[in-house]
Structures are given as C-alpha cells and as structure tokens.
Amino acid sequence: MVHKDHYKAVNDDEEAPWVKEPTIKIVNGDRNALDPVIVKRDENIERGNWSNKLEFILSCFSYAVGLGTIWRFPYLCYRNGGGAFLIPYAIMYVFAGLPLFFFELSFGQYASEGPVSIWKVAPFFQGIGYAMFVISFLIGIYYNMVVAWSFRYLFASMTSVLPWTSCDNVWNTKNCRDFDIKNCTLLEGLVDSSRTCHIKSEVSDSFWKELELMNTNSRLPADEYFHKRVLDISTGIHDLGPINWELALCLLLAWVCVFFVLLRGIKSFGKAVYFTALFPYLILTILLIRSATLPGFVDGIMFYLTPQWSKLTEASVWGDAAMQIFFSLSPCWGGLITLASYNRFHNNCFRDAVIVATGNVFTAFFAGFVIFGIIGFMAFELGTTVDKVATQGAGLAFAVYPEAVARLPIAPLWSILFFVMLLTLGLGTQFTVLETVVTTIVDLWPHKLRGKNHKWVLLTSTTVMFLLGLIMCTNGGMYVLQLIDTYAATFSALIIGMAEVCVIAWHYGIDRFLDDIKLMLGHDAPPRWYWRFVWKFFTPVIIVAILVFTLVDFRTLTYGDYTYPLEATIVGFLIALSSVAMVPIMAI
Numbered sequence: 000m001v002h003k004d005h006y007k008a009v010n011d012d013e014e015a016p017w018v019k020e021p022t023i024k025i026v027n028g029d030r031n032a033l034d035p036v037i038v039k040r041d042e043n044i045e046r047g048n049w050s051n052k053l054e055f056i057l058s059c060f061s062y063a064v065g066l067g068t069i070w071r072f073p074y075l076c077y078r079n080g081g082g083a084f085l086i087p088y089a090i091m092y093v094f095a096g097l098p099l100f101f102f103e104l105s106f107g108q109y110a111s112e113g114p115v116s117i118w119k120v121a122p123f124f125q126g127i128g129y130a131m132f133v134i135s136f137l138i139g140i141y142y143n144m145v146v147a148w149s150f151r152y153l154f155a156s157m158t159s160v161l162p163w164t165s166c167d168n169v170w171n172t173k174n175c176r177d178f179d180i181k182n183c184t185l186l187e188g189l190v191d192s193s194r195t196c197h198i199k200s201e202v203s204d205s206f207w208k209e210l211e212l213m214n215t216n217s218r219l220p221a222d223e224y225f226h227k228r229v230l231d232i233s234t235g236i237h238d239l240g241p242i243n244w245e246l247a248l249c250l251l252l253a254w255v256c257v258f259f260v261l262l263r264g265i266k267s268f269g270k271a272v273y274f275t276a277l278f279p280y281l282i283l284t285i286l287l288i289r290s291a292t293l294p295g296f297v298d299g300i301m302f303y304l305t306p307q308w309s310k311l312t313e314a315s316v317w318g319d320a321a322m323q324i325f326f327s328l329s330p331c332w333g334g335l336i337t338l339a340s341y342n343r344f345h346n347n348c349f350r351d352a353v354i355v356a357t358g359n360v361f362t363a364f365f366a367g368f369v370i371f372g373i374i375g376f377m378a379f380e381l382g383t384t385v386d387k388v389a390t391q392g393a394g395l396a397f398a399v400y401p402e403a404v405a406r407l408p409i410a411p412l413w414s415i416l417f418f419v420m421l422l423t424l425g426l427g428t429q430f431t432v433l434e435t436v437v438t439t440i441v442d443l444w445p446h447k448l449r450g451k452n453h454k455w456v457l458l459t460s461t462t463v464m465f466l467l468g469l470i471m472c473t474n475g476g477m478y479v480l481q482l483i484d485t486y487a488a489t490f491s492a493l494i495i496g497m498a499e500v501c502v503i504a505w506h507y508g509i510d511r512f513l514d515d516i517k518l519m520l521g522h523d524a525p526p527r528w529y530w531r532f533v534w535k536f537f538t539p540v541i542i543v544a545i546l547v548f549t550l551v552d553f554r555t556l557t558y559g560d561y562t563y564p565l566e567a568t569i570v571g572f573l574i575a576l577s578s579v580a581m582v583p584i585m586a587i
C-alpha cells in the first residue's frame, strides 16, 4: 500500500517525533541518536497531524456517537426483546462493527490520504472514494438541519414558560390537548375539546364514538409546536411552500459554527472535540439522575431492559442489530478514513478502534436509561403505558422529550441542557462530515489547495451546502430531509462498505494489509487469524446480509399519515445511485 515513504521514523517508539528526511541528522550512523537541535513537530508537514492522541480519540467519539445513538438504539432495544437484544447486538459488534471500524482506521492511518486519493493502492477502484465523498456531501446537507432545529429549540427555551407547555397559541389546533388527562384515563374516560372528561356510561353511543375519534387524533402541545410552529409543515413533498426564515437563520448559524471550528483544519477541530465529545456525557448523567427521581422511572427502565428471549428466534431482531451496529459507527462515509489520515504513522489505531467502538456501544446502552426513564415518567403523567409513548427519531427528540421536560419543575433549565446536548452531538458529527468533504477536495489537488487556499475550499463547500440545505427550511422541508436521510447512506453505504473490504482483502491482499498494520503497530493486531477471517469472509457476508434484509424489508416511505408518492421513491433511489454509480464511472 502507498504510504508516506518520504517520512522516516526517528526511532521505533510510538511517541517518537517525526520529521522530514532532510531535517534528520544521524549521529555516527545511529538512527536513534539525533542531533539535539531537532524539535518535535508534525510528522506530516504538508497535511498536519493531530496535536495529541486524545484529540483523535475524541474526534472519533464525536463523529460516531451521534444523534442516532441517542434516539434510535433505545427504541430498537425495547422493540426487539429488551435486554435480550444485547446478545445479537454484541455478536454483530464483534464480527461486523469493530472489524469494519478498525479496517477504516488502519487504512486511513497507513496511507495518510483522504477517501479518494487513498485509492492509489488500487486506482481502478478509486470510484469507491468518490462514492464516499458523495455520501458525506449529501449527509452534510441535511444533517445540519437537525442542528438548526436544536438551535431553534434552544432559543425558544430561554424563557420563563416553555412555548410548548399549553395549547393557547395561534399555531395550535382543536386536536391539541394541554391538560392533565391522567385522572380521566384512569377512569377509562375520554375528554372533549372543552377539556371535560366523559365516562362511557354517562353519554350516548354516538357521542362516545365522536370522542373516540377526537382522542385518536389528539396531539400534545410539544408535537404541535414542532410540526405547526417550528416546521409549519405542509401536506406533502409536492407542497414545499416558502422558506421559513427563522429556520434558515438557524441553519446559517449552524454552518457558521462548523466553518469557524474547521477554519484551521484539524488543529482547531481537535480543540473543539473536547467539548462536543465530553459534554453530552455530562448532560446524560445529569438527566439520568433527574429522571431517577421521577415517578414512572422504574416502569420505563423495566420496559427497556426486560428480556424477551423468544425474540432471539426472529430474523428481524438480528437484522436490526446488524443494521444498528453498522450505522451507529458511521463507516463507509469516508469520515473514519479522514480522521485516521491525520494520525502519526505508529499510532496504535487498534487500541483506538476498540476504545471508540466499545464506547459507542456503552453510550447507546447508557442513553437508553435516560430516554426510557423520561418516557416512563411521560407515560405516568399521561396515565398510559410506556409502549404508547415510546418512539424514535426526530419525534422523540423534538416532540416526546420536550413534552416530558415541560412537565418538570424549572422546565426551561432542563430544556436548555437537553438541546445543548443535541447541539453538541449534531455538531460533533457535522464537523467530521464537512472535514471529509474538504479533505477529499484538497488531497486531489494538494499543490494548489493546501495552505492558504484551504480556507477557500472550506468557505465554498460550506456556502454550497448551506444553499442546498435551504430547501429543507421550507414548509415541505421535513419530507425532503427524510427522503435524503433514508436513501443517501443506507443501500449505498452498504454497497460501498462491501466493496472497500473486498478490494483490500482480495485484490490488494489480506496478508499484505495485515503486514502494513504490523509495520504501523510494531506487532500483529491480535489475533492475526481472526482479522484475516472476518475481513475476507465474515464482514462481507454480514454486509450482504444487511443489504438483503434492507431490500426485503423495504417499504414505501411515510411520515406520520403521509405516504410518499412513487416519483419521490424514484428520486430516493436516484440519490442512492448517485454515490454508488461513481464506482463504475471512475473505473472507465
């Protein structure tokens, strides 16, 4: 594999300073005896390196531990057998998640190149790198929109009374319910639009049917605030409507934050991740302690963890475990290769892979206690069961959780903490996504774009992605966002992941790759036979299985009661093909 041959190790110690060949002065023929005037500096003078190992590890945490870790894993855990789900999840981690994570870190670190230029190792397959670039570009466009929502909620939380506390607002509909319905529910009653509780035995059958319909369509204040006030959502993707300038300004703010953090490349990026990687754990711990004092907490946790062993016989459970471990670690987007490419050559990337991948799993598990603790409280407040409240995705973060927070004492404080946490999680991932885009472009034309011109590449990329993201600030923007989210990095990322592993394992040679890793680490990644087996056989098979499961489980995309039209599905598949098509196109 191609690596930076013009950089020579001063000694074999992992902490050794690296310098360019012309500056090394060998004393009396001894490579380990250096001239005392030599000082430590970046090993890779042209591209730069992380200031220290911790910055790299934190950047990987910040990238991998994203919003999906918080709002998807807990839901999958409860849906797939509670604690029993941890068994297939752990197995998929050992045989698919960790191997792919370690693979990309090793690949990027050895070559010290971005996702496209790294394929000098196999020029015929450089389209894999371009596909990763396209995936990161598409993800970057919509992912920052979630950050913009978080900014919008953060600003709205800076008040004495949260705006989604009541139904007495201009955006609320007649289906909004802002009153305590717990007592009525316990009496098996239903409420009407005048906030009156009715018992079935006390009203006529026709009126009871009207009440049932009304309560079926009822919505909580936080749900209406998100859809009617923040999104001002339209009837479908065909009805985009005008740009919501409040959201557009929040999106601009999100991109400005990303731009300034990356302005000095990984040097400034490395400092920002101390906050974006560590702060969410502080907030999660605070929220867990607070939720543990609330009624319904134990019910929520029991619902989350109680094992249903019979679920282990269902193929869908194993499919969900494989998909979640694959997507939670964010491989195949080019981000891991980019981050690792700034490592020093002898960095122990095996240790880093184990730390980050394992930490991601434990973070997801830990977040489940916070999420289901609050959901248990929410169910208690509403006088219903946990399964009626549990959800995933944006609905959990921007509708269910804010509703629960609004019922706490000093609600604005808890709301601010929660949305600052979402901000740090979102920005942490977005930093790497944009850095991947910029690094790819700069590495393709290093002599023209490195140095002073780097900031212009960053500015251009940021501007273009912001302008393209404005479509998601329209009334129909949520439908566009979900369409891109569903198709940009699912089928395509799986195909790219299978391609990169197979090319290295079978075309470049698995033993050559393992020898390259040995050269970096100073020893084999233990055990060598295991990595040879999983990279040549098991990981590709698992990826193919996930792909087949995804295609078999494919359903027409929906959002709430809205079903996407056929033309939207076609556009979705074109989005997926836009990245995968790069592989054959660049091979021609």
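In terms of numbering that gives the first Met the number 0, the sequence shown opens at residue 0 and continues consecutively.
C-beta atoms are modelled at their ideal positions from N, C-alpha and C, and glycine is treated no differently.
Put simply, the segment 411–424 touches the segment 283–293. At least three CB pairs are less than 8 Å apart.
Under DSSP, I242 forms a beta bridge with T473. Inter-residue distance for C175 and H226 is about 12 Å (C-alpha atoms, whole angstroms). For G126 and L338, the gap between their C-alpha atoms comes out near 20 Å. Distances from the CA of M144 to each of C501, Y341, G450, T473 were compared; the closest alpha carbon is that of T473.
When DSSP states are grouped into helix, strand and coil, R40 belongs to the coil group.
Shown here, R218 sits in a strand according to DSSP, grouped into three states. Measuring C-alpha to C-alpha distances from V582 to each of L97, G80, G128 identifies G128 as the nearest. Remark: C-beta atoms of T383 and S61 do not approach each other more closely than 8 Å. Here C331 carries a coil assignment [DSSP, helix/strand/coil].
Nearest Cα to Y142 within the set F532, D442, V533, Q429: Q429.
Contact between A83 and W317 is absent: CB atoms are separated by about 11 Å, not below the 8 Å threshold. Excluding the 5 residues flanking it on each side, E223 has same chain C-beta neighbours closer than 7 Å at W170, N171, T172, C175, in chain order.
Ranked by Cα distance from M585, the first of V93, R78, V115, R40 is V115. Assignment of C166 by DSSP, reduced to helix, strand and coil, places it in the coil class.
Residues I373, I374, F376, M377, E380 of the same chain have their beta carbon placed closer than 8 Å to that of A403, with the five preceding and five following residues left out of the count.
DSSP places Y558 in the strand class (E or B) of the three-state scheme.
Pairing T164 with P220, the inter-Cα distance amounts to about 6 Å. Under the DSSP assignment, P98 falls in the alpha helix (DSSP H) whose first and last residues are 97–110. When the beta-carbon positions are compared, A253 and A147 come within less than 8 Å of each other.
Judged by DSSP secondary structure, M497 falls within the alpha helix (DSSP H) whose first and last residues are 490–501. Bounds of any alpha helix (DSSP H) do not take in V64, whose DSSP letter is neither H nor E.
The residue among L513, T549, F548 with its C-alpha nearest the C-alpha of V533 is L513. Proximity to D442 across S58, Y77, S111 peaks at S111, based on C-alpha coordinates. Residue range 400–405 is occupied by the alpha helix (DSSP H) that includes V404.
For M581, the enclosing alpha helix (DSSP H) covers residues 581–586.
Taking 8 Å as the cut-off, the beta carbon of G496 is found no closer than this to the beta carbon of F326.
The Cβ atoms of L433 and V202 do not sit closer than 8 Å to each other.
With respect to the 8 Å criterion, A352 and F100 are classified as neighbours on the basis of their beta carbons. With three or more CB-CB distances shorter than 8 Å, the segment 87–100 counts as touching the segment 536–556. Judged by DSSP secondary structure, I440 falls within the alpha helix (DSSP H) whose first and last residues are 410–443. Comparing alpha carbon positions, the residue from V399, T568, R78 closest to E313 is R78.
Beta-bridge analysis with DSSP links C256 to no other residue. By the 16-neighbour rule on beta-carbons within 10 angstroms, P122 is exposed. Annotated as distal: M157 and C348, with beta-carbon spacing of 8 Å or more. Residue range 72–78 is occupied by the alpha helix (DSSP H) that includes P73.
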